[in-house]
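Q:
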Amino acid sequence: MWSRKKLTELNPIEFYQILKLRIDTFVVEQERLYHELDEKDLEAVHVYHANGKGEIDAYARVFEEGVHLVFGRVVTARSVRGQGLGDSLSERFYNYVLKNGQERKLK
Numbered sequence: 001m002w003s004r005k006k007l008t009e010l011n012p013i014e015f016y017q018i019l020k021l022r023i024d025t026f027v028v029e030q031e032r033l034y035h036e037l038d039e040k041d042l043e044a045v046h047v048y049h050a051n052g053k054g055e056i057d058a059y060a061r062v063f064e065e066g067v068h069l070v071f072g073r074v075v076t077a078r079s080v081r082g083q084g085l086g087d088s089l090s091e092r093f094y095n096y097v098l099k100n101g102q103e104r105k106l107k
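Quick note, the sequence shown lines up with residues 1 to 107 if you use UniProt numbering.
See the structure below:
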């Protein structure tokens with residue numbers, strides 16, 4: 001099931017699962033050593049997919065930066081890679097942008 005929420009709308013389990021997925025992928029798997037949490041999380045819209053067990057397996061965040069919209073921290077769980085969730089995530093982002101009339105702000 002796909003969801004789109006601001007940080008204040010996420011429950012603690014959703015927030016934990018999102019952070020775990022991001023850290024497991026970007027910090028542990030890709031060895032990218034930087035602060036995974038930043039102030040952009042506070043303002044972003046968090047778009048994610050939860051499987052039938054309620055586990056978050058795809059995620060991205062969308063936020064405004066100046067006059068542009070930024071789509072970042074795009075991630076899918078290792079267990080679902082190659083199954084099209086990344087494509088679905090990108091489609092949802094693009095549809096969100098079009099629905100909100102912000103296509104000229106894409107970066």
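Ideal placement from N, C-alpha and C gives every residue a C-beta, glycine not left out. No experiment lies behind these values; they were computed from the predicted model shown.
Measure the CB-CB distance between S88 and Y48 and report whether it falls below 7 Å.
A: In the sequence shown, the residue the question calls residue 88 occupies position 88. In the sequence shown, the residue the question calls residue 48 occupies position 48. No; because the gap between Cβ atoms is not below 7 Å, this pair is not in contact.
Q: Check whether the Cβ of T76 sits closer than 6 Å to any heavy atom of the ligand NAP, and report yes or no.
A: For the structure depicted, the ligand NAP is absent and the ligand set is empty, with no information on it obtainable.
Q: Who does G86 pair with in a DSSP beta bridge?
A: To locate residue 86, count along the sequence shown from 1; it is residue 86. In DSSP, G86 forms no bridge with anything.
Q: Within its chain, find whatever has a CB closer than 8 Å to the CB of A44; leave out the 5 residues flanking it on each side and keep chain order.
A: Taking the sequence shown and counting its residues from 1, the one referred to as residue 44 is at position 44. Counting only Cβ-Cβ distances below 8 Å, and skipping sequence neighbours, we find K6, L7, R61, V62, F63.
Q: Here's a check: name, in chain order, each residue in its chain whose Cβ is nearer than 6 Å to the Cβ of V80, leaving out the five neighbours to either side.
A: Reading the sequence shown from its first residue, position 80 is the one you call residue 80. D57.
Q: Taking C-alpha atoms, which residue in H46, E55, E65 lies nearest to R92?
A: To locate residue 92, count along the sequence shown from 1; it is residue 92. Closest option to R92, Cα to Cα, is H46.
Q: What is the DSSP secondary structure of K53, reduced to helix, strand or coil?
A: The residue you call residue 53 lines up with position 53 of the sequence shown. It is coil, neither helix nor strand.
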